[in-house]
Amino acid sequence: MTDWVYGFGAGRNDGRADMRNLLGGKGANLAEMASIGLPVPPGFTITTEVCTYFTEKGGAYPPDLKDQVNAALARVESAVGVKFGDATNPLLVSVRSGARVSMPGMMDTVLNLGLNDETVQGLAKASGDDRFAWDSYRRFIQMYGSVVLGVDHHRFEEIIDDAKITAGVTEDTQLTAQHWQQVADEYKRMVADVTGAPFPQDPHDQLWGAIGAVFGSWMNQRAITYRRLHDIPADWGTAVNVQAMVFGNMGNDCATGVCFTRDPSTGENIFYGEYLINAQGEDVVAGIRTPQPMSEARAKPGERSMEAAMPAAYAELVAVRATLEKHYADMQDIEFTVQSNKLYMLQTRNGKRTAAASLKIAVDMANEGLIDRTEAVRRVNPGSLDQLLHPTLDPKAPRKLLSRGLPASPGAASGVVVFSADEAEARAQKGEAVILVRIETSPEDIHGMHAARGILTTRGGMTSHAAVVARGMGRPCVAGAGGIVVDYAAQALMAGGVTVQAGETITLDGATGEVFAGTVAMIEPKLSGDFETLMGWADAVRRLKVRANAETPLDADTARKFGAEGIGLCRTEHMFFDPTRIAAVRQMIMSETEGGRRDALAKLLPYQRADFVELFRIMAGLPVTIRLLDPPLHEFLPHKEEELAEVAESLGADLATMKRRAADLAEANPMLGHRGCRLAMTYPEIAEMQARAIFEAASAVAKETGAAPVPEIMIPLVATKKELEISHAQIDKVAAEVFAEAGTTIEYLVGTMIELPRAALIADRIAESADFFSFGTNDLTQTTFGLSRDDAGKFLPFYVEKGILPKDPFVSIDVDGVGALVKIASEKGRGVKNGLKLGICGEHGGDPASIQFCESVGLDYVSCSPYRVPVARLAAAQAALSGGGDRTA
C-alpha cells in the first residue's frame, strides 16, 4: 500500500528533511524540527503525489487516502488530548500548502478549521475567553469562505469595517466578543447569499474542502505565474500539511511572528523579524496591522520589542535561531506562535534574500566554518547578481521627498505610477518603466510585481507579502509608507500635500525607504568585498572562460571591470550606424560599381581602424572576436527623399536612379536575405576593408605596446564550406598585404559563426577551413524553430504558459533541438580538428541554465553582455561543480 500520509510531532516523525520532493519543504522541515527536539505542534503531511493524482484525475483522491487521513488525525487527537469536532473542547487544525521549493503566498491556507456554531461555544468554555473563541470563528469563516468557497475577500473586510465604525473603534483588537459574534453571524449570512448554501458545519467536510482547495491552488493563476518566473515544473505538485492549532490570539501573553536568522536585506548576522501580540500569523504577513520589531536594538521610540514584552519566549527563540542555523547551515525564515507564553515553531525554510545578502551570508558562513567555499559558490543564484550590477541613486542629485516607508527590498527605481498589477504588466510590455503602488499587495499581484521596476505599499512590514516577494525578485520595495494615501478610484496618491496621478513619475529608494517625486539621477554601483571574494572562489573552480559581447569602448571597459576574459562578439555593423559614418555606408551600398563602393569604403577605413585600436588597447593580452559585417542591407538603406538625394549627390547620380537602386536592394525577408558572408561573396571589397582595418589596428597596437593582440575574425552566416574557404582566402590575402607594408606579422585566427542548421550538420567539412566555431544561438534558434525573434513575443508566452514549450527558447537554450545541433557541430568539428576552439555568443551566453548546457558539451567559453559577465562567471563555476569536478577553492 502506498503511504500518502506522514505524521510529525509528539514523538512520531515519519518524514525527514531529505524527503522534500515527497513531503514538500514545509512538511519535511516540520518533521526535521520535531526530530531535533524543537516545539512543533503535531500534525501530518499529505504528499505531493496526491496533488499530482488530484490534478490528473480531475479532483479525485487515491482510494485509501481517507483512511490514512483519519488514522493520522486520530494520532494528533491522542497527542493533544482533545477531539476534532468535539462540542465541549474541540481540536482545531490548520491546513497549509507546502511545495518542494518555497512559493511564499502563492497557494492557499486555512486556519482554525473545525469551528462551527457548536464548537465555538466549546472553545469559549475550554479557553475561558469568549472573545478569543469568536475572533477565531470569524477568522475561520473569512478564510474558508475566501479560499474554499470563492467569496471575494473584500466582502468580509466591508463587514469588519462597518463593525468598527459602529463600535467607534479603529483597531480589530478593540472589538469585543459580542462584536465578533455579530461579525461571524453577518459573515455566515453573506456567504449563504453569495454561494446559495449555508456555511458548512461538519468539521470533516470542512477538512476535505480545505484539502481540496489547497491542492487546487497549485493550479491557480498566481501559482502558475510564480512557477513560470522561477522555472518550477508544474508536475512537482504541492503537499498539504494538517497541524494542530496553537493560538497567538488568546490574549496579551500570546503572539505570532515571522523572523529571519540573519537580515535578509543586508545579510548581517543579526536576528531580524517582526511579531504581533494577540494575533494570528496571517495578520503579520498580510500587512493588515503594523508589526513590532523582535529585538530591543531594532525598536524605535513608541515600539515595544518582543525582547522587552516576552523575554522568556524571546530567549527561547534566540536559542532556536542558533539551533536551526547550525542544523541547516543556511539562513532560515521562521514562523512561530507564542500561546500563553509558550513558544511553538510552525515553519522553517531557507529564507528569501537579496543578492547582496546572499553574497554576504554565503561568504560569512564559509568564513565561520558552517559551509565550505564550494558550497558558498553553489549557494548564490547567479541570476540574482543582476541586482548588484545596476545603478543606485546619486547622493548628490536633487530630489523632492514625498514620504518615507520601510526599506523592504534594496535598490532604486524610477517609473510611472500604476495602481493595478494588470496595468503594470501591460505598460511594461510596451517598454515603460512602472512603479506598482498598492495599499497592500496580495499574491494575485505577482505578475504586476514582476513587471514593475519597483513596488510601493502603504501598509505592511518588513515581512509582508510585498517585502518577501520583492526581495526574492530583486525589485526595490518600500513598504508600510503610512504617510501616503492611495485612492484607487481617483487613480492618485497623496502625500504631504502633493498629489501624484497615475502616469506621473516617482522614484523609490528601497535601501532607505524613501519615496521621491519625479526622476532622481543614478550612479554606477560599487561592488562589495564579498562580491570579489565569491567571484574569486568561483573563478578557482570554473572551467569555461567568460567573454563579453562588446563593440564600444564603454562596453569593453565595463566588461573588463566585471572580469571578462576577452571579447567573444564584436558586431561591426553597430559601428556603422554612427551619424558621421552612415552617409559613407549608404554610398557604399547604393553604388552600382565596385569603384564607387571602394571610394566609400576608403572613407570608412580610418573609422574602423580607430574602433579596433581602442578595443585592442582595452583588451590588451586578451582575445577579441570580430564578426564581419552582418546586417540585412535594408537596415542601412536611405528611405526619406532627402536621404536619397544626399546619396545621389555623393555618387554623382540622379534621384530617380537612387530610388530605383533602393527598390532593387529592398528584400521581402531580409533576415534570410543578403547578409553575413553573402555580402563577402558578392561584394568582397567590404570584407577586405574590414580585414585591413583589423590588421592595421592590431599592428599599430603591437608596435605601441610591445604585446600583439590576437584577432579572431569571424565569418557570419556560413552555410557551405566553400563560403568559408573564399572568405578565409580574402582575409589571408589582406593580412599578407598589411604585414608586408608594416614589416611585421601577428598571429590571427579565422573562424565562423555557426547559426544555421546546415552549418551544424556539415560542421566536419566547415571545420577543415576554420580555426574556431562560435555558436550564434540567437539566429540558430530562429532558423531551427522557423521563428522570428522580433515577432514571436506575440505567442511564445502562451506556448510557455500552456506547457507547449518549457521556456522561451530565446531566453534559455532549447536543449533538445538547438542544443542537439550545437552538440553535433561540436563533435563533428573536433572530430576533424581536435583542438578546435568552441564558444557561444548568443544571448544564451549569459543564461545560467544555458551555461550549464555549454559546460556539458565541452565548449571553451561563453560570451554575454557586459553586465551579465559576473552572472556567467558564477554560473560557469556552478556548472563545473555540478558536472562532477573535484577541484576545490
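Just so we're aligned, residue 1411 is where the sequence shown starts under this note's numbering, counting upward by one. Even for Gly, the Cβ is constructed at its ideal location relative to N, Cα and C.
Within its chain, find whatever has a CB closer than 6 angstroms to the CB of residue i; leave out the 5 residues flanking it on each side and keep chain order.
i	result
G2227	T2194
A2072	L2047
P2252	The residue you asked about is not Pro; residue 2252 is Gly in the sequence shown. Here the set comprises G2186, T2187, N2188.
T1922	P1817
For residue i and residue j, which I take to be in contact (beta-carbon distance under 8 angstroms), what is that distance rounded to the nearest angstrom?
i	j	result
G2229	E2265	That belief does not hold up - the Cβ atoms of G2229 and E2265 are roughly 12 angstroms apart, past 8 angstroms.
P1613	G1524	4 angstroms
A1772	V1748	About 32 angstroms separates the two Cβ atoms, so there is no contact after all.
C1669	G1658	14 angstroms between Cβ atoms; not a contact.
G1864	S2184	With 8 angstroms as the limit, G1864 and S2184 do not qualify as a contact, their Cβ atoms being about 37 angstroms apart.
Q1742	R1759	7 angstroms
Y1754	P1449	5 angstroms
A2312	V1826	No answer is possible for residue 2312: it lies beyond the span of the chain, which begins at 1411 and ends at 2299.
T1990	E1961	Actually they are not in contact, since the Cβ atoms of T1990 and E1961 sit about 16 angstroms apart, beyond 8 angstroms.
V2144	A2101	4 angstroms
K2131	E2165	Not a contact, Cβ separation roughly 16 angstroms.
On the criterion of 16 or more Cβ atoms from any shown chain inside 10 Å, does residue i qualify as buried, or is it exposed?
i	result
D2224	buried
K1762	buried
I1551	buried
R2283	buried
R1548	buried
R2297	Any reading at R2297 must be qualified, since the residue scores a pLDDT of 34, below 50, and its modelled position is unreliable; no value is offered.
R1878	One detail in the question is off: residue 1878 reads as Val in this sequence, not Arg. Buried.
A1602	exposed
V1995	buried
L1833	One point to set straight first is that residue 1833 is Glu, not Leu, in the sequence displayed. Buried, since its Cβ has 16 or more Cβ neighbours within 10 Å.
F1418	buried
A1607	exposed
L1964	exposed
F2205	exposed
Q1653	buried
A2150	exposed
CB-CB under 7 angstroms to residue i, same chain, minus the five flanking residues each way: which ones, in chain order?
i	result
N1651	K1436, G1437, L1440, G1453, T1455, R1506, G1508
E1934	P1801
K1810	F1926, A1927, G1928
T1583	N1688
R1541	T1586, A1587, W1590
F2263	I2223, V2225, G2229
A1427	A1438, N1439, E1442
L1798	A1765, A1766, P1935, L1937, F1941
Identify the continuous alpha helix (DSSP H) that holds residue i and give its terminal residues.
i	result
Y1685	No alpha helix (DSSP H) holds Y1685; the beta strand (DSSP E) holding it covers 1682-1687.
Y2271	No alpha helix (DSSP H) holds Y2271; the beta strand (DSSP E) holding it covers 2271-2274.
D1743	That residue, D1743, is in no alpha helix (DSSP H); its beta strand (DSSP E) goes 1742-1749.
C1664	No alpha helix (DSSP H) holds C1664; DSSP gives it neither H nor E.
E1914	Unbroken run through E1914: none, as it is neither H nor E.
N2188	2187-2195
E1568	1563-1577
Which two residues bound the contiguous beta strand (DSSP E) that contains residue i?
i	result
S2109	Here S2109 belongs to no beta strand (DSSP E); instead the alpha helix (DSSP H) covers 2094-2115.
L1903	1902-1905
Y1754	1752-1760
G2249	2247-2250
K1955	1955-1959
M2163	2159-2164
R1506	1503-1509
A1718	Counting along the chain, A1718 falls outside any beta strand (DSSP E), though it belongs to the alpha helix (DSSP H) covering 1716-1719.
G1417	1415-1418
I2036	2034-2037
V1460	No beta strand (DSSP E) contains V1460, which is instead part of the alpha helix (DSSP H) from 1458-1466.
Keeping to the same chain, check which residues put their C-beta closer than 8 angstroms to that of residue i; ignore five residues upstream and five downstream.
i	result
E2051	L2065
Y1597	R1548, I1551, Q1552, G1555, F1566, I1569, F1609
R1375	Residue 1375 lies beyond the stretch modelled for the chain, which goes from 1411 to 2299, so this question has no answer here.
R1952	R2283, A2286, A2287, A2289, A2290
ask   = Quick check: the region 1454-1466 against the region 1645-1657, are there 3 or more CB pairs under 8 angstroms?
value = Touching, per the Cβ criterion.
ask   = Within the chosen definition, does the region 1973-1988 reach the region 2273-2288 through at least 3 CB pairs nearer than 8 angstroms?
value = In short, these stretches touch, since the Cβ pair count reaches three.
inquiry  = Between the region 1937-1957 and the region 1842-1858, can you find at least three pairs of beta-carbon atoms closer than 8 angstroms?
reply    = no
message = Below 8 angstroms, how does it come out for the region 2145-2161 and the region 2113-2128: are there three or more Cβ pairs, yes or no?
response = yes
task = Count the C-beta pairs between the region 1775-1789 and the region 1705-1721 that are closer than 8 angstroms, then say yes if the count reaches three, no if not.
result = Contact between the region 1775-1789 and the region 1705-1721 is absent: fewer than 3 CB-CB pairs across the two stretches fall below 8 angstroms.
message = I'd like to know if the region 2020-2035 and the region 2148-2156 are in contact, where contact means that at least 3 CB-CB pairs between them fall below 8 angstroms.
response = no
inquiry  = With a threshold of 8 angstroms, are at least 3 pairs of Cβ atoms found where one atom belongs to the region 2205-2213 and the other to the region 2232-2251?
reply    = no
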